[in-house]
Structure formats: C-alpha cells, structure tokens
Amino acid sequence: MASRSKERLHVGPGPVNSSGGNLPIPNMPSWAKWVVGAVIVAIPIYRRFRTLEDTIEKTAEVAVEVVDTVAEATEKVAGEVANAFPGNENLKEAASKIKAVTDAIEEDAEKAEALIQKVDEIKKEVDSIVDPIIDKVVKAEEKN
C-alpha cells in the first residue's frame, strides 16, 4: 500500500491559509469563519423571508377588511329584513342573532388589525437592528 502524506490540497487564489479556509482574513479562528459564512448565507434567506412576510401581511390586511365589510353588510341586511317584516318575531330573533354574530366578527377583525399593527411595529424594530448588520456584512463582502 502506498503511503499518503498529509499535504493540504489548495484550491483557489492566494496562498494556502493555514487556518483551514480561503477567506482573506489572517489569523481568524475557524469558528469565526463559520459564523461569518453563516451570516453571509443567512442574509438572502432573511430577505426572502421578509418578502414572504410582507406578502402574507398584505393578504391578511385585505382579508380582515373583507371580513369586516361582509360583517357590516350582513348586519345591515339583517336589520332591513327585520324591519321589513315587523310582525314576524322569528325573523326578528334570527336578525338579532345575526347581529350578535356580526358584532363578534367585527370585534375579532379589529383584534386581527391590532395584531397586524403590533407585528408591523415589531418588524420595524427588528429591521432597525438587523438592517445595519446586513449592510455592514454586504459592504465587507463587496470590498473582498
């Protein structure tokens, strides 16, 4: 059997980096290179996530508006039907139940809107922290 020497195979430009990678940062520990690499990989994933999140948020806002509009219209129609047939107690009772349901739906829609606004506030706070970090990493990558 032929013995193999423990030579390092060098691929890429520049001298062999004795710490194990091809990043042009001298004396950087390998764990730090892993962290930098993870951040560089995480940036596009984070941006895609944010795009998806924005799409979901817009869809949720539209859905809440539609639900609120339908609830208001249903409540209005139920009231008009009850008024059109004043002697029909069963119809008045049904209209009253419909009104109670639409009131609950409108209340839930308001809660959903408040939640969307809170999520938007949190997203802005996270962006104010993450965006400067991303900008620094991107600028550092552009220099290399």
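The number in the numbering used here is simply the position in the sequence shown, starting from 1, with 1112 added. Each residue gets a CB set at the ideal place from its N, CA and C atoms; glycine is no exception. These numbers were taken from a predicted model, which means no experiment stands behind them.
Can you tell which of the options has its C-alpha closest to the C-alpha of residue i?
| i | options | result |
| --- | --- | --- |
| A1212 | A1172, V1174, E1184, G1149 | E1184 |
| A1206 | V1189, V1242, K1251 | V1189 |
| L1164 | K1235, V1249, D1247, I1245 | K1235 |
| V1177 | V1151, D1247, E1218, K1248 | It should be pointed out that residue 1177 corresponds to Glu in this sequence rather than to Val. Selected option, being the one with the closest Cα: E1218. |
| E1192 | I1210, K1145, K1230 | I1210 |
| T1214 | E1169, V1182, P1198 | V1182 |
| D1239 | N1139, D1166, E1173 | D1166 |
| A1252 | E1237, P1141, G1149 | G1149 |
Quick check on residue i: buried or exposed, where buried means 16 or more other Cβ atoms within 10 Å of its Cβ?
| i | result |
| --- | --- |
| E1187 | buried |
| A1221 | buried |
| T1171 | exposed |
| G1132 | Interpretation of G1132 is limited by its pLDDT of 47, a score under 50 that renders its predicted location unreliable; the figure taken from the coordinates is listed afterwards. With fewer than 16 Cβ atoms within 10 Å of its Cβ, G1132 is classed as exposed. |
| G1124 | Annotation note: pLDDT 44 at G1124 (below 50); position unreliable, coordinate value reported separately. Classification of G1124: exposed, given that the 10 Å Cβ count is below 16. |
Report the CB separation of residue i from residue j in whole angstroms; it is logged as a contact under 8 Å.
| i | j | result |
| --- | --- | --- |
| L1203 | A1194 | 6 Å |
| V1153 | V1249 | Rounded, the Cβ-Cβ distance is 11 Å, inconsistent with contact. |
| D1232 | E1169 | 7 Å |
| I1155 | I1246 | 5 Å |
field: Complete runs of the alpha helix (DSSP H) confined to the segment 1134–1216 [at least 4 residues]
entry: 1142–1196
message: For the structure I just gave you, are there three or more beta carbon pairs, one from the segment 1153–1160 and one from the segment 1224–1232, closer than 8 Å?
response: no
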